[in-house]
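Take a look at the structure set out below.
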Amino acid sequence: MSIVYLNGKYLDREQASLPLDDRGFLFGDGVYEVCRAVEGRLFALDAHWSRLQKGLAAIAIDCRDRLDAATFAEIAHRLLERNDLRRGHATVYLQVTRGAAPRTHAYPPAGTPPTVYAYAAPFRVPTELREAGAGAITLPDLRWARCDIKSVNLLPNVMAKQRAVEAGAFEAVLVREGVVTEGASSNVFGVIGGELRTHPATPHILHGITRSIVLEMARELGIAVREEPLLSDDLLHVEELFATGTTTDVQPLVRLDGHVVGSGAPGEITRALWRALEERMLRH
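Residue numbers (this note's numbering): 2 to 285.
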C-alpha cells in the first residue's frame, strides 16, 4: 500500500481524499513538479523547486505557510523512504492547487489554504526504446500562451499525446505557425549541420529542467548550440531529433510522420548527450 502526502500528513493512498470543490479538480487551478530520484538521491531538486516557485508566483498562489524549500525536499525524501524507493529509479510528483472554495471563476478570498499533494512511484528506464529510437508525429500547437507555467491543466497536451499513441508513436511534436515549439510532454531538439537547435525559453514552451541540463552538457562537450527554433520545414532535413524531460531523459526520435529521421538510428550527438545525462544522474 503506497504512502502519499496531503496537506501536512502522510497517509495510505486509499485514505487520502480531497473536497469536491478543490479548484484543482474544478478548474485545473494549480501547478506541479515531477522530480527524478536515482538510488534515493533527488536529481536537480533545487531547479525543480525554483521552477515551482516561479509557477506559484505567476498564478498568485501563496503556499509559504505549507511549503518551503526544506519542506519540499523533506516530503520528497520521506516519500521515497516510506515507499521503499531508495534503490533504482523513481519519481516524486508534487502538486499545489489554490485550495477548496465555492465555485467561482475569480480567486477565492485571501487566506484560503492551498492544497499540497505529493506521491512517489517507481520508474523503469526504457533502455530498449532509447537504444532503438522512437517515432513521433507532428500536430498543431493549440495550447495557451503561457506554456512556461507548469499548470495541472494539461488537456491540450493530453489530446496531443493520445493522437501520438493512436498513431503508434512515442511523442507529438507541436508546431505553432510554422515553428516547432516542443513535445506534448517534452522539449524537442534537432541537429542541423552538426549544430544543436531548440526553441528558446519563451512563454511558448515549458522551461524544462532537463532541457537546461542538456544545453549545459552540450556546451561542455563542445557541441555547437543555438537556442533558435526549428521550423516545420527544417524537420525534413534534420540529421538528428530527440526529446528531453524528467522521465524522457534524452529520447532519440528516429521516425517522424512515418518518415525516417537522419540515418534512422540514434545519432552521435543524441547518444553523447544521453550518456552524459546518465552519468550526471548517477554521480550527482
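The C-beta atom is built at its ideal place from N, Cα and C for all residues, glycine as well.
Check whether residue i and residue j have beta carbons under 8 Å apart
| i | j | result |
| --- | --- | --- |
| Leu80 | Tyr120 | yes |
| Ile62 | Pro109 | no |
| His238 | Ile270 | no |
| Asp142 | Thr182 | yes |
| Ile150 | Val32 | yes |
| Pro1 | Gly134 | Because the chain is modelled from 2 through 285, residue 1 falls outside the range shown and cannot be assessed. |
| Ala107 | Ile138 | no |
| Ala101 | Pro20 | yes |
| Leu175 | Val215 | no |
| Ala244 | Glu172 | yes |
| Gly195 | Leu232 | no |
| Arg164 | Leu140 | yes |
| Glu228 | Thr199 | yes |
| His208 | Arg87 | no |
Pairwise C-alpha distance: residue j and residue i
| i | j | result |
| --- | --- | --- |
| Ala168 | Asp258 | 9 Å |
| Val189 | Val39 | 24 Å |
| Ala48 | Ala225 | 24 Å |
| His260 | Arg37 | 32 Å |
| Asp13 | Tyr118 | 13 Å |
| Leu222 | Lys55 | 30 Å |
| Ala17 | Val255 | 42 Å |
| Arg131 | Gly265 | 13 Å |
| Leu242 | Leu274 | 12 Å |
| Pro123 | Phe73 | 19 Å |
| Cys148 | Arg177 | 12 Å |
| Tyr6 | Leu236 | 43 Å |
| Ile210 | Asp66 | 26 Å |
| Phe26 | Glu15 | 18 Å |
| Arg284 | Ala45 | 12 Å |
| Ser57 | Cys64 | Going by the sequence as given, residue 57 is Leu instead of Ser. Each residue's alpha carbon lies about 8 Å from the other. |
| Asp234 | Glu240 | 13 Å |
| Met160 | Val166 | 10 Å |
| Glu280 | Thr248 | 15 Å |
7 Å CB neighbourhood of residue i in its chain, flanking five on each side removed
| i | result |
| --- | --- |
| Asp30 | Arg24, Thr98, Arg99 |
| Ala219 | Leu197, Val226, Leu274 |
| Trp50 | Ala70, Phe73 |
Sequence-distant residues of the same chain with beta carbon closer than 6 Å to residue i, five excluded per side
| i | result |
| --- | --- |
| Leu43 | Cys36, Ala77 |
| Asn154 | Gly29 |
| Tyr94 | Val35, Tyr120 |
| Asn84 | Ser3, Ile4, Ala121 |
Those residues which DSSP pairs with residue i across a bridge
| i | result |
| --- | --- |
| Asp250 | Gly246 |
| Asp85 | In the DSSP output, where bridge partners are listed per residue, Asp85 has none listed. |
| Arg256 | Gly136, Val261 |
| Glu172 | Ala137 |
| Gly31 | Thr98 |
| Val241 | In the sequence as displayed, the identity of residue 241 is Glu instead of Val. According to DSSP, which records beta bridges pairwise, Glu241 is partnered with Val192. |
| Val153 | DSSP lists no partner for Val153. |
| Ala38 | Leu43, Ala91 |
Cβ neighbours of residue i in the same chain (closer than 8 Å, five flanking residues each side left out)
| i | result |
| --- | --- |
| Ala146 | Pro204, His205 |
| Asn158 | Arg144, Ala185, Ser186 |
| Val126 | His90, Asp250 |
4-residue-minimum alpha helix (DSSP H) runs that sit fully inside the region 185 to 237, ordered along the chain: 210 to 221
Whole alpha helix (DSSP H) elements within the region 41 to 70, 4-residue minimum: 46 to 59
Residue ranges of each beta strand (DSSP E) within the region 71 to 149, 3 or longer: 90 to 98, 116 to 123, 135 to 141
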